[in-house]
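Oh and the sequence shown: position 62 is 62 in this note's numbering, straight run, nothing missing. One structure is given below, encoded as structure tokens.
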Amino acid sequence: MSDSVRRFFNAWGDGDAEARMAVLNDVLASGVRYADPRLEEALVGTAAVIDYVGQFAQMAPGAIAQIAGLETRDGITRATVEFIMADGQMQLGQYMIEADAAGQLTRLVGFKGTGA
Numbered sequence: 001m002s003d004s005v006r007r008f009f010n011a012w013g014d015g016d017a018e019a020r021m022a023v024l025n026d027v028l029a030s031g032v033r034y035a036d037p038r039l040e041e042a043l044v045g046t047a048a049v050i051d052y053v054g055q056f057a058q059m060a061p062g063a064i065a066q067i068a069g070l071e072t073r074d075g076i077t078r079a080t081v082e083f084i085m086a087d088g089q090m091q092l093g094q095y096m097i098e099a100d101a102a103g104q105l106t107r108l109v110g111f112k113g114t115g116a
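Below, the structure is given as structure tokens:
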């Protein structure tokens with residue numbers, strides 16, 4: 001699953017919409033659920049998540065999301081993610097992530113900061 005998680009977050013900084021969509025379609029399960037602090041309610045389905053990630057790429061050109069830490073226990077992966085803007089400003093987030101047997105991501109729940 002760690003490869004799928006890395007590919008998912010790397011796609012956030014991909015300015016090529018077609019390439020980004022191809023990666024996200026590969027790593028996300030069809031009924032994926034995605035939630036983070038910026039959303040009022042969870043997104044459901046690959047199309048909704050692809051659109052959301054595309055909005056990040058469009059609204060923050062040159063920004064990237066990279067994994068700062070990754071740990072898996074009992075089928076749940078915790079990813080610490082650095083969202084780095086083109087001007088160098090950074091925001092940390094943590095995600096709890098589940099995947100299916102094929103390694104496709106089925107649920108991602110994000111939190112602002114690291115909880116420390």
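The beta-carbon is built from N, C-alpha and C at its ideal position, and this holds for glycine as well. This structure is a prediction, so every number in the text was calculated from the model and none was measured.
Counted within 10 angstroms of its Cβ, other Cβ atoms place residue i as buried (16 or more) or exposed
| i | result |
| --- | --- |
| V23 | buried |
| G15 | exposed |
Collapsed DSSP secondary structure at residue i in the structure displayed
| i | result |
| --- | --- |
| E40 | coil |
| T46 | helix |
| Q89 | coil |
| G113 | coil |
| A29 | strand |
| A35 | strand |
Extent of the continuous beta strand (DSSP E) run through residue i
| i | result |
| --- | --- |
| A79 | 76-84 |
| A68 | 64-73 |
| A102 | Neither: A102 is in no beta strand (DSSP E) and is coded neither H nor E. |
Cβ distance (whole Å) where residue i is taken to contact residue j below 8 angstroms
| i | j | result |
| --- | --- | --- |
| A68 | T80 | 5 angstroms |
CB contact flag (residue i, residue j, <8 angstroms)
| i | j | result |
| --- | --- | --- |
| A101 | F83 | no |
| V53 | R20 | yes |
| Q94 | T114 | yes |
| V27 | L105 | yes |
| V109 | A35 | yes |
| V32 | I97 | no |
N- and C-terminal bounds of the alpha helix (DSSP H) containing residue i
| i | result |
| --- | --- |
| A11 | 2-11 |
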